[in-house]
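Numbers 151 to 303, taken from my numbering, label the letters of the sequence shown in order.
For every residue, glycine included, the Cβ atom is placed at its ideal position computed from N, Cα and C.
Have a look at the structure below, then the notes.
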Amino acid sequence: MVHAEARRRGGSSIDLEAPSGEVVHAAVALHKELGPGLLESVYEMILASKLARLGYSVERQRAVDIRYEELSFEAAFRVDLLVAGSLVVEIKSVERLTGAHSKQLLTYLRLLKQPVGLLINFGGETLKEGLRRVVNDYIPSAPPRLRVNQKDL
151 MVHAEARRRG GSSIDLEAPS GEVVHAAVAL HKELGPGLLE SVYEMILASK LARLGYSVER
211 QRAVDIRYEE LSFEAAFRVD LLVAGSLVVE IKSVERLTGA HSKQLLTYLR LLKQPVGLLI
271 NFGGETLKEG LRRVVNDYIP SAPPRLRVNQ KDL
């Protein structure tokens with residue numbers, strides 16, 4: 151378990167193993183208790199409450215802005231849960247996850263500049279088949295002027 155003080159501060163953006171594990175554990179317990187088939191919002195509210203009781207900072211329906219060059223779109227998307235300030239959790243209650251669901255989470259990760267997220271589908275008979283860890287491994291290339299070695303200048 152993560153130390154309670156680290157949880158209150160929001161945890162580290164690098165060390166997400168502990169909160170990830172606790173999110174999965176809480177989600178599995180919730181799925182066993184309630185079963186599949188409820189609306190996504192039910193699972194979201196209860197999971198957020200369970201994680202908050204464990205001491206994690208949890209933001210529900212966190213706005214995600216888009217900023218590109220001089221363009222700005224406020225609250226273009228909403229993340230279901232942001233746990234410990236860094237772990238993005240996207241909740242679904244569908245028959246089966248698709249590639250579009252993973253792309254949705256990856257979009258949130260890139261826009262929020264976060265390294266990892268969990269996609270949790272409460273719609274299946276077991277949670278194991280509806281759990282995905284998505285990693286944001288995109289590193290934007292440096293502008294050409296920064297690619298030159300300093301000794302060559």
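Check: DSSP state of Ser222 mapped onto helix, strand, coil; Outcome: strand
Check: Distance between beta carbons of Leu197 and Ala177, contact taken as under 8 Å; Outcome: 6 Å
Check: Close-in-space but distant-in-sequence residues of the same chain around Tyr288 (CB under 8 Å, 5 per side omitted); Outcome: Arg260
Check: Helix, strand or coil at Ala234 according to DSSP, with G and I counted as helix; Outcome: coil
Check: Beta-carbon contacts of Ser222 that lie in its chain and below 8 Å, excluding the five residues immediately before and after; Outcome: Asp215, Ile216
Check: Collapsed DSSP secondary structure at Leu123 in the structure displayed; Outcome: The shown model of the chain, from 151 to 303, leaves out residue 123, and the question about it has no answer.
Check: Pairwise C-alpha distance: Glu220 and Val192; Outcome: 38 Å
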